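First comes the structure, then the notes that go with it.
Residue numbers (my numbering): 14 to 599.
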């Protein structure tokens, strides 16, 4: 792999290793596991491709296609419960690493037992990851491809496992679906992963499930949405992973990119991991040092003042979340009430149309088929008018509620940080506020014919009956089927809006948590540490040690700036903080 220009890539790798060694003693065991993994892969030149996305988008299927064999289990339900690291190599082997550190060799046929939701529900076995080696006809040897559990599934543990797997990634493959289109949650996922990854591609799966004429529109919509998260133009690959064989265009791009930019990508992502951990640790150390320099009485007063500041901030976060959930519930009641009135009106109107006599000149079956088509079209019109009228009102209500809640919380947390700085008489490091969330787009409704009509007809028609008798039977069926068809169509539309409401509220809730965490996490950690060590006698020695550690971190961050200057600059930068603009947030 190349991609570092005229600079010797070994120089950047060596400097990163030295800087990581200086930070390592200041991090937790979990943070060190992430950092050590990144540094080791940098030394080995082993690029990691992370396959990531929401549940049931086709991630495991994509990995199988890239390796040309059914390595990983797939199915109709969310399958993957832990991450699987597949390394390209000549031999086939597999093993399990557990969270407690011990490892176990397994047969490749046993993988499902450890990674599937059915056999290892919510990762009850305590698996850190499953690792395997297998040949690939389309990927270079040594490349790691990581299949992650799907985010956003009903299995919360799977989403947490996916977040853990995202800690170290050099190149990300985001798998989305053609239908439903890319959501706000998926855009947030791209945003999160690209804080570490150096490059990415978007795989738009399941294009076989939409009309061919719709594919260009879906691709363009996805491109516009992703462009709001990535600073450089996104690379997109529409495909159907249900078809056998590797997606050729994606495999060609992936192999070429790895060859041209792989080393740069690995070093870049490792530098980001190191910077993120070093910056977070630095604030906590400064807070701890300041508190330890105070007398016991001053320290107790300061900690209590900070505790009250944090308690008020947590209350503000809870209030903001309650406000959004309360608005969601209010809007949900409005939706249900509106639905009941709309269904009643539609049933009456469709019932009147269904009761009109069938033509007597045509065979009753043909006349019924035409009438059914007319009733379906009329139902679709009624449903679309209702949906198009109500949806924007619900969307605006949620947007207004979230705007108020997020705006007030940002201001309250900024005030909390300022109050903490005044209490400590110590400036805290600047933090990049999370970008404003983008709510999910309103769903699209497309009423379809009822699948049970044919069964009803064939179950009631008797070929020997006279034409008039058959017409009467079909007329009675239409009188029931028409209003029921309207209720079904409106029910599906309501269900899609209900799901949209819950997804929207969840998107905003995640944003609240992210804002709180980025603003106050270091402060909370510093206070917790002082509480735990307040009884230690030799505070002078602690302060001296902290001074040394602070200088070490400041040196590391300064060195990272110079390391990144020529060696890590490239066309695959992700985004500039505060520069994000997404569809729906204009």
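Heads up, the beta-carbon is just placed ideally off N, CA and C, and yes, glycines get one too.
Keep in mind that this is a model prediction, so the values were computed, not measured.
Could you give the C-beta distance for residue i and residue j, rounded to a whole number, given that I count them as a contact under 8 Å?
i, j, result
"residue 81", "residue 259", "7 Å"
"residue 37", "residue 45", "6 Å"
"residue 278", "residue 211", "4 Å"
"residue 215", "residue 191", "The Cβ separation is near 12 Å, so there is no contact."
"residue 71", "residue 232", "Not quite, the Cβ-Cβ distance comes to about 16 Å (not below 8 Å), so this is no contact."
"residue 52", "residue 95", "Their Cβ separation, rounded to whole angstroms, is 23 Å, which puts residue 52 and residue 95 out of contact at 8 Å."
"residue 458", "residue 389", "No, residue 458 and residue 389 are not in contact; Cβ-Cβ is about 13 Å, not under 8 Å."
"residue 234", "residue 194", "6 Å"
"residue 491", "residue 367", "5 Å"
"residue 300", "residue 536", "6 Å"
"residue 25", "residue 280", "5 Å"
"residue 439", "residue 564", "So it is not a contact: roughly 16 Å between Cβ atoms."
"residue 296", "residue 441", "6 Å"
"residue 570", "residue 292", "7 Å"
Where residue i and residue j are concerned, what is the direct C-alpha to C-alpha distance, given to the nearest angstrom?
i, j, result
"residue 230", "residue 106", "43 Å"
"residue 157", "residue 84", "14 Å"
"residue 169", "residue 522", "Confidence at residue 169 is low in this model, with a pLDDT of 33, below 50, so its placement is unreliable and no value can be given for it."
"residue 363", "residue 253", "39 Å"
"residue 146", "residue 109", "12 Å"
"residue 324", "residue 429", "10 Å"
"residue 223", "residue 56", "45 Å"
"residue 100", "residue 152", "10 Å"
"residue 196", "residue 276", "32 Å"
"residue 340", "residue 270", "46 Å"
"residue 126", "residue 382", "50 Å"
"residue 202", "residue 244", "15 Å"
"residue 73", "residue 345", "35 Å"
"residue 134", "residue 241", "36 Å"
"residue 128", "residue 137", "11 Å"
"residue 7", "residue 528", "In the structure displayed, the chain extends from 14 to 599; residue 7 sits before or after that span and is not available."
"residue 402", "residue 408", "11 Å"
"residue 392", "residue 379", "20 Å"
"residue 266", "residue 97", "23 Å"
"residue 221", "residue 35", "52 Å"
"residue 456", "residue 513", "7 Å"
"residue 517", "residue 525", "13 Å"
"residue 605", "residue 328", "For residue 605 there is no data in the structure shown, the boundaries of the chain being 14 and 599."
"residue 600", "residue 255", "Look at the range of the chain in this structure, 14 to 599, and you will see that residue 600 is not part of it."
"residue 228", "residue 185", "23 Å"
"residue 397", "residue 204", "33 Å"
"residue 572", "residue 42", "24 Å"
"residue 559", "residue 336", "41 Å"
Are there 16 or more other CB atoms within 10 angstroms of the CB of residue i, so buried, or fewer, so exposed?
i, result
"residue 333", "buried"
"residue 453", "buried"
"residue 406", "exposed"
"residue 496", "buried"
"residue 261", "exposed"
"residue 515", "exposed"
"residue 435", "exposed"
"residue 386", "exposed"
"residue 320", "exposed"
"residue 568", "exposed"
"residue 274", "buried"
"residue 359", "buried"
"residue 33", "buried"
"residue 183", "buried"
"residue 411", "buried"
"residue 207", "buried"
"residue 199", "buried"
"residue 479", "exposed"
"residue 112", "exposed"
"residue 574", "exposed"
"residue 161", "buried"
"residue 370", "exposed"
"residue 225", "exposed"
"residue 150", "exposed"
Hey, does residue i have any beta-carbon neighbour from chain B nearer than 7 Å?
i, result
"residue 252", "Chain labels in this structure do not include chain B; a single protein chain is all it has."
| query | Contact between the stretch 26 to 42 and the stretch 280 to 291: three or more CB pairs below 8 Å? | reply | For the pair of segments examined, the stretch 26 to 42 was found to touch the stretch 280 to 291: the number of CB pairs separated by less than 8 Å reaches three.
| task | Evaluate the contact criterion for the stretch 115 to 129 versus the stretch 53 to 66: three or more CB pairs, one atom per stretch, below 8 Å. | result | By the criterion of at least three beta-carbon pairs nearer than 8 Å, the stretch 115 to 129 is not in contact with the stretch 53 to 66.
| said: For the pair the stretch 418 to 426 and the stretch 522 to 537, tell me if three or more CB-CB distances fall below 8 Å. | reply: Yes, since at least three Cβ pairs between the stretch 418 to 426 and the stretch 522 to 537 fall closer than 8 Å, the two stretches touch.
| contact_flag[the stretch 496 to 505, the stretch 350 to 367] where n(CB pairs < 8 Å) is 3 or more | By the Cβ criterion, the stretch 496 to 505 is in contact with the stretch 350 to 367, since at least three pairs of Cβ atoms, one from each stretch, lie closer than 8 Å.
| If you pair each beta-carbon of the stretch 480 to 490 with each one of the stretch 308 to 315, do three or more pairs fall below 8 Å? | The stretch 480 to 490, when compared against the stretch 308 to 315, does not touch it at the 8 Å Cβ threshold.
| In chain order, which alpha helix (DSSP H) runs of at least 4 residues are fully inside the stretch 479 to 557? | List check, alpha helix (DSSP H) in window: 480 to 546.
| query | Which runs of the alpha helix (DSSP H) spanning at least 4 residues fall entirely within the stretch 45 to 98, listed in chain order? | reply | Taken in chain order, the whole alpha helix (DSSP H) runs of length 4 or more contained in the stretch 45 to 98 are 72 to 80.
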